[in-house]
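Remarks on the structure that follows.
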Amino acid sequence: MGTFTVGLVPHPTKSVVDSVAILRDWTTRSDAHLLAMTADATRVGDGVELVDEAAFRERVSVVVALGGDGTMLGAMRLVAERPVPVLGVNYGNVGFLVEVEPRDLPEALDRIGEKQFSLEAHHALEVTHTSSGFENTYLAFNDVSVARRPGEGVVSADLVLDDTPYGFYKADAIVASTPAGSTAYNYAAGGPILSPAVAAVVVTPVAPMSGIDRSVVLGPRELLRFEIGDGTHSAALEIDGRVMADVSAGCVVALRLRRDAGQVIRLDADRHGRKGRLKLSLLDLPLREDQLLELVPSDVRARFRERVERGERA
0 MGTFTVGLVP HPTKSVVDSV AILRDWTTRS DAHLLAMTAD ATRVGDGVEL
50 VDEAAFRERV SVVVALGGDG TMLGAMRLVA ERPVPVLGVN YGNVGFLVEV
100 EPRDLPEALD RIGEKQFSLE AHHALEVTHT SSGFENTYLA FNDVSVARRP
150 GEGVVSADLV LDDTPYGFYK ADAIVASTPA GSTAYNYAAG GPILSPAVAA
200 VVVTPVAPMS GIDRSVVLGP RELLRFEIGD GTHSAALEID GRVMADVSAG
250 CVVALRLRRD AGQVIRLDAD RHGRKGRLKL SLLDLPLRED QLLELVPSDV
300 RARFRERVER GERA
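Sequence positions in the sequence shown follow numbering that gives the first Met the number 0 and run 0 to 313.
Written as structure tokens, this is what we have:
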């Protein structure tokens, strides 16, 4: 790939020093340069150039996110104005987005150096929150939710599509998600899973009491907004699971799909897709032993098969 700059985005609390050491060693062999943000200095250690957020965005050729899905989403938001490829190394739990386990990082880096990977485009939701004449904008790769706070009543909102009233919600929360995010809060609330090949937005109410009580799937060009109504005293606006603002009566939350807002490096897209489907099925479907094995690292699968073979011979 020639000389290029690798940006590091580490997990905010977990130690990732082993992976950083692997990356440092690899850069000395591949004519690459390591970069991280000054705020992450204590987590990445020595041997990594530290810059501010603006310089990081401008200079990186590829980003390595060392964490779970939350860290991956943060890295994608960070470079969304200049969507360079992002590789996820799993320091989280389930990990729907991340593909590489820490033990497999050396092989993954060699494959990246040899251009043996594909890029998976991800859509995002552009969010505009207006309250008392003030406007803030956000970007969500998974989902946006307006959720009630305990003891503060329900969420009441009108749904407006391209300036046309569509109906209203009265529920514990309203979730709008991308296809990738449809497997998260939307799925837990009983909403449908959207194929990554579909450019669409799905809106699902959580514990609806009246009004729209099922999911609505919208096209990529439709501008939707939630006009927050009376009865909503203090709700939370969550962007990819992070509380970003307070929402109350009179607020407006407008959403539009931004296509191909991020790029994720895939080393084995087919296997990653199978693992994602199996992880979802663990929630409510029984699995065969061979299907469960797809969820574990390759070296663990090999050791398991060796034990089975020894048992069969015995």
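Heads up, the beta-carbon is just placed ideally off N, CA and C, and yes, glycines get one too.
- Message: Please report the straight-line C-alpha distance between R302 and I111, rounded to a whole angstrom.
- Response: 27 Å
- Comparing alpha-carbon positions, which option in T163, P84 and S14 lies nearest G91? S14
- Item | From E151, E134 and A31, residue whose alpha carbon lies closest to that of D109 | A31
- Whole-angstrom distance between E134 and G46, CA atom to CA atom: 41 Å
- Task: Classify E134 as helix, strand or coil using the three-state DSSP reduction.
- Result: strand
- Tell me, please, which residues DSSP counts as bridged to I238. V143 and R241
- Within this structure, are the beta carbons of V97 and V59 separated by less than 8 Å? no
- When DSSP labels each residue in this structure, what does D30 get in the three-state scheme? coil
- Message: I need the DSSP call for T231, collapsed to helix, strand or coil.
- Response: coil
- Item | Pick from R257, G66, D267 and V307 that is closest to A79, judged by C-alpha positions | R257
- Item | Under 8 Å between C-beta atoms of V252 and R213 | no
- Query: Quick one, are the C-beta atoms of V143 and L254 less than 8 Å apart?
  - Reply: yes
- Item | Buried or exposed (CB count within 10 angstroms, at least 16 for buried), V5 | buried
- Task: Provide the residue span of the beta strand (DSSP E) that contains A8, from first to last.
- Result: The residue asked about is misnamed: residue 8 is Val in this sequence, not Ala. It spans F3 to P9 - the beta strand (DSSP E) in which V8 sits, taken as one unbroken run.
- Item | Buried or exposed by the 16-neighbour rule on C-beta atoms within 10 Å, applied to G67 | buried
- DSSP three-state call for D259: helix, strand or coil? strand
- Task: Would you kindly work out how many angstroms separate the C-alpha atoms of P219 and A175, rounded to a whole number?
- Result: 13 Å
- Item | Beta-carbon proximity of A172 to N141, cut-off 8 Å | no
- Item | Outcome for V16 when other beta-carbon atoms lying within 10 angstroms are tallied against a minimum of 16 | exposed
- Is L34 closer than 8 Å to R23 when the C-beta atoms are compared? no
- Message: Comparing C-alpha positions only, which one of T203, H128, V19 and A120 sits nearest to L236?
- Response: H128
- N- and C-terminal bounds of the alpha helix (DSSP H) containing F55: E52 to R58
- Message: When you compare the CB positions of G230 and S155, do they come within less than 8 Å of one another, or not?
- Response: yes
- Message: Just list the residues that DSSP pairs A248 with in beta bridges.
- Response: According to DSSP, A248 bridges with nothing at all.
- Item | Proximity below 8 Å, CB of L138 to CB of A120 | no
- Query: Can you give the Cα-Cα distance for L266 and P105, rounded to whole angstroms?
  - Reply: 13 Å
- Query: So which of M243, E57, V63 and T26 has the shortest CA-CA distance to P9?
  - Reply: V63
- Message: Per DSSP, what are the beta-bridge partners of A188 in this structure?
- Response: Answer is none; A188 lacks a bridge partner.
- Item | Assigned secondary structure, V159 (DSSP; H/G/I helix, E/B strand, else coil) | strand
- Task: Count the other C-beta atoms from every protein chain shown that fall within 10 angstroms of the C-beta of T203, then say buried if there are 16 or more, exposed otherwise.
- Result: buried
- Task: Taking all protein chains shown into account, decide if P149 is buried (16 or more other Cβ within 10 angstroms of its Cβ) or exposed.
- Result: exposed
- Using the Cα positions of T26 and G261, report the straight-line distance between them to the nearest angstrom. 24 Å
- Query: Tell me the DSSP bridge mates of F167?
  - Reply: D157
- Cβ atoms of V88 and L65: under 8 Å apart, would you say? yes
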